[in-house]
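Chemist: Okay, handing you the structure first.
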Amino acid sequence: MPLPRTLARINRKISNPVLGVLARVAPFFGVVVHRGRKSGREYRSPVMVFARDGGYRIALTYGRDVDWLKNIRAAGTFQFETRGRTVTLTDPVIGHDASASWAPPLVRQVLVGLDAEDYVQARLVD
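The numbers in numbering that gives the first Met the number 0 rise by one with no breaks, and the one at position 56 of the sequence shown is 55.
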């Protein structure tokens, strides 16, 4: 089972603002910049990410039922900050891989331990 929703709510208020700063430059992390489907407000969500298949693959450590995922799927295109730069990504598609074989070995162990079997693949805008 992915991380509990209660932890997600706590992280949104407390640790995401701090992690967001580090996630923009740390390896294997990034920040999804998205707009609320209803509010239109801009949000920033730190995530685990990996360059893969001409785009980026984002680990769904809290599962598929997270607001940022609903927002980027509704919009179809979103901004992403990683390693000190901002890129535009499009066509977010959910995938499933129980072994997290697409992730580097040490990260793979963490993802499997969290039961984070799902990911989002999005491609760079040309």
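Just so you know, even glycine gets a beta-carbon here, dropped at the ideal spot from N, CA and C.
What does DSSP give as the partner residue(s) for Asp117 in the beta ladder?
Modeler: Answer is His95, bridged to Asp117.
Chemist: Please identify the residue among Phe77, Phe28, Gly83 and Val86 whose C-alpha is closest to the C-alpha of Ala58.
Modeler: Per the Cα distances, Phe28.
Chemist: Could you compute how far the alpha carbon of Ser38 sits from the alpha carbon of Val32?
Modeler: Near 14 Å, if we compare the C-alpha coordinates of Val32 and Ser38.
Chemist: Shortest alpha-carbon distance to Ala202 belongs to which of Arg51, Leu113, Asp117 and Arg82?
Modeler: An answer regarding residue 202 cannot be provided, because it is not within the stretch 0 to 125 covered by the chain.
Chemist: Just to confirm the assignment, what range does the alpha helix (DSSP H) spanning Val106 have?
Modeler: Per DSSP, Val106 belongs to the alpha helix (DSSP H) from Pro104 to Gly112.
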